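Asker: This is the structure I want to talk about, given as structure tokens.
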Amino acid sequence: MKAWLYNSTKGGLEKNLIFSPDARNPGSPQGDQLLIQVISTAINPADYKAPAMSTVCGKVLIATTPASPGMDFCGRVITMGTDTSARQFTPGQLVFGCLGMPRQFGTLGELILASATSIAPLPVGVDPDAAATIGVAGRSSYQSIVPYISTPGNRVFINGGSGGCGVYGIQIAKFLGCHVTVTCSTRNVQFCRDLGADEVIDYTTQDVLKELKSQGQVFDHVVDHIGLPEGLYEECHKFLKPGKVFVQVGASSMLTFAHRLIRPAFLGGGKRKYVALLMKNHKDELVQIADWIQEGKIRVELDTVCEFEDTVKAFERLRSGRTRGKIVIHVTSLDSEAA
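Heads up, the sequence shown is in the working numbering, so the first residue is 2 and it goes up one at a time.
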């Protein structure tokens with residue numbers, strides 16, 4: 002099969018990607034697995050961060066190398082394992098889902114093996130490119146917001162509104178009836194408003210912490226995709242209500258998570274509950290988000306759609322931190338013959 006492969010993460014995963022037209026395929030599906038030909042994949046910061054963070058003495062521990070990056074996908078079923086759950090699908094059927102974690106045969110290879118418990122049929126009318134964005138970004142946003150919203154009218158602050166998770170987060174929070182405040186740069190202010198944000202703080206011209214603290218303890222929930230500014234968690238008690246939760250979805254460094262987790266309140270740490278989100282690979286959330294997309298309740302925003310040969314450029318764009326929505330890569334054609 003064709004695939005992008007890496008053996009090392011030194012200097013950045015994208016600098017180590019090599020295209021192979023005849024890479025080894027993952028083999029036949031076993032048990033509840035399905036062999037799937039990938040049509041589209043959406044890339045996420047975790048696709049390069051997780052392999053890099055698991056590299057010890059130059060060896061990548063999270064996946065056997067050479068490996069293909071990528072977790073999110075929409076594709077077509079080639080064949081199924083023997084379990085009843087796998088036999089619910091049929092050859093040629095379009096499905097979407099997420100591998101859950103980086104592995105040797107990732108979605109930047111033409112063929113993958115995925116568990117029937119982590120994929121769902123593609124709903125009629127939902128574009129494969131849109132479905133490919135749900136796995137990580139859609140569910141991270143769902144899991145960082147939905148369990149914490151008690152009633153319509155709750156006020157939610159989302160730090161980072163224009164990225165892949167932020168775009169989903171704004172819309173999910175608004176669907177739940179929340180008042181939504183977000184941060185973004187000047188060029189994305191109207192973009193976030195168009196997604197439904199009620200209040201936008203332009204971090205390039207405004208002091209985010211000052212703006213939040215000036216409102217007092219009005220927020221019922223906080224979701225942080227950025228990890229900045231410094232002091233956002235430590236001072237969140239000045240704008241987040243007592244008993245409410247600060248959820249960390251993303252940050253530029255794992256040190257942000259570690260520092261905020263271990264520093265006690267009496268030594269200047271945060272005075273609200275802190276949750277570092279570890280996304281769970283739940284199938285029912287895939288289905289729910291896809292249904293919202295099909296019904297027009299959530300729209301998918303694509304920053305860039307790349308062809309397979311432009312995968313390195315796609316990762317460079319992702320790493321720039323200036324994306325507006327998701328980056329999708331076409332692995333095979335929707336109309337191509339199944340392998």
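Every residue gets a Cβ at the ideal spot worked out from N, C-alpha and C, and that includes glycine.
Please read these numbers as outputs of a predicted model, since none were measured by experiment.
Can you list, in chain order, the residues of its chain with a C-beta nearer than 6 Å to that of His238? Leave out the 5 residues immediately preceding and following it.
Answerer: Contacts found: Lys272, Arg273.
Asker: Keeping to the same chain, check which residues put their C-beta closer than 7 Å to that of Ala4; ignore five residues upstream and five downstream.
Answerer: Contacts found: Ser21, Ala24, Ser69, Leu109, Gly110, Glu111.
Asker: Quick check on DSSP: helix, strand or coil for Asp221?
Answerer: Asp221: strand per DSSP, three-state reduction.
Asker: Examine the Cβ distances between the stretch 33-46 and the stretch 73-83 and report whether three or more of them are shorter than 8 Å.
Answerer: Because the criterion of three Cβ pairs below 8 Å is met, the stretch 33-46 and the stretch 73-83 touch.
Asker: Tell me, which residues are paired with Gln38 by DSSP?
Answerer: Paired residues: Arg77, Leu112.
Asker: What's the gap between the Cα of Leu241 and the Cα of Asp336?
Answerer: Using only the alpha carbons, I get a separation of about 50 Å.
Asker: Could you name the residues of the same chain whose beta carbon sits closer than 7 Å to that of Cys193, not counting the 5 residues immediately before and after it, in chain order?
Answerer: Once the five neighbours on either side are set aside, the close Cβ partners of Cys193 are Gly162, Ser163, Ile171, Val183, Cys185, Val201.
Asker: Using CA coordinates, which residue listed in Phe106, Tyr275, Phe267, Thr333 is at the minimum distance from Thr257?
Answerer: Per the Cα distances, Tyr275.
Asker: Going by DSSP, what residue range makes up the beta strand (DSSP E) through Thr182?
Answerer: Element bounds for Thr182: 180-185.
Asker: Less than 8 Å between the CB atoms is what I'm expecting for Ser119 and His331, so what's the real figure, rounded?
Answerer: Ser119 to His331, Cβ: 22 Å. No contact.
Asker: Applying the 10 Å Cβ sphere with the 16-neighbour rule, what's the burial state of Phe309?
Answerer: It is buried - the Cβ of Phe309 has at least 16 other Cβ atoms within 10 Å.
Asker: List the endpoints of the continuous beta strand (DSSP E) containing Gly244.
Answerer: Counting along the chain, the beta strand (DSSP E) containing Gly244 begins and ends at 241-249.
Asker: Give me the DSSP bridge partner(s) of Ile98.
Answerer: The amino acid occupying residue 98 in the given sequence is Gly; Ile does not appear at that position. Gly98 is bridged to Phe74, Ile120.
Asker: Can you tell me whether Arg104 is buried or exposed, with buried defined as 16 or more other CB within 10 angstroms of its CB?
Answerer: By the neighbour-count rule (16 or more Cβ atoms within 10 Å), Arg104 is buried.
Asker: Provide the residue span of the alpha helix (DSSP H) that contains Cys193, from first to last.
Answerer: Start and end: 190-196.
Asker: Could you check where the beta strand (DSSP E) with Thr85 kicks off and where it finishes?
Answerer: Per DSSP, Thr85 belongs to no beta strand (DSSP E); it is in the alpha helix (DSSP H), 85-88.
Asker: Relative to the C-alpha of Ile63, which candidate in Gly71, Leu123, Asp73, Pro52 has its C-alpha closest?
Answerer: Measuring from the Cα of Ile63, the nearest candidate turns out to be Pro52.
Asker: Can you list, in chain order, the stretches of the beta strand (DSSP E) that have 3 or more residues and sit fully within the stretch 293-338?
Answerer: 303-308, 327-331, all fully within the stretch 293-338.
Asker: Classify Thr257 as helix, strand or coil using the three-state DSSP reduction.
Answerer: In the structure shown, Thr257 sits in a helix (DSSP, three-state: H, G or I).
Asker: Hey, Val157 and Asp221: beta-carbon distance below 8 Å or not?
Answerer: Their beta carbons are under 8 Å apart, which means Val157 touches Asp221 by this criterion.
Asker: For Pro30, count neighbouring Cβ atoms within 10 angstroms of its own Cβ and tell me buried if that reaches 16, exposed if not.
Answerer: So Pro30 counts as buried.
Asker: Report yes or no: do three or more beta-carbon pairs, one from the stretch 122-137 and one from the stretch 283-296, lie closer than 8 Å?
Answerer: Yes, the stretch 122-137 is in contact with the stretch 283-296.
Asker: Going along the chain, which unbroken runs of the beta strand (DSSP E) with 3 or more residues stay wholly within the stretch 144-176?
Answerer: Counting only runs of 3 or more, we get 156-160.
Asker: Would you report the Cα separation of Thr324 and His180, rounded to the nearest angstrom?
Answerer: Those two C-alpha atoms are separated by around 24 Å.
Asker: Looking at the strands, I want to know which residues DSSP matches up with Lys60.
Answerer: Paired residues: Val57.
Asker: Using 10 angstroms around the beta-carbon of Thr205, count the other beta-carbons present and answer buried if the total reaches 16, otherwise exposed.
Answerer: Its Cβ having fewer than 16 others within 10 Å, Thr205 is exposed.
Asker: Can you give the beta carbon distance from Gly178 to Pro153, rounded, assuming they're within the 8 Å contact cut?
Answerer: Going by Cβ atoms, the distance from Gly178 to Pro153 rounds to 3 Å, so yes, they are a contact pair.
Asker: The alpha helix (DSSP H) that contains Val125, what's its start and end?
Answerer: Element bounds for Val125: n/a, residue is neither H nor E.
Asker: Determine the closest residue to His283 out of Ala259, Met102, Val190, Gly232, with distance taken between C-alpha atoms.
Answerer: Of Ala259, Met102, Val190, Gly232, the residue nearest in Cα terms is Met102.
Asker: If you follow the alpha helix (DSSP H) that Glu212 is in, where does it begin and where does it stop?
Answerer: Per DSSP, Glu212 belongs to the alpha helix (DSSP H) from 209-216.
Asker: Relative to the C-alpha of Leu232, which residue among Arg261, Gly326, Ser253 is closest?
Answerer: Here residue 232 is Gly; the residue named in the question, Leu, does not match the sequence. Closest by alpha carbon: Arg261.
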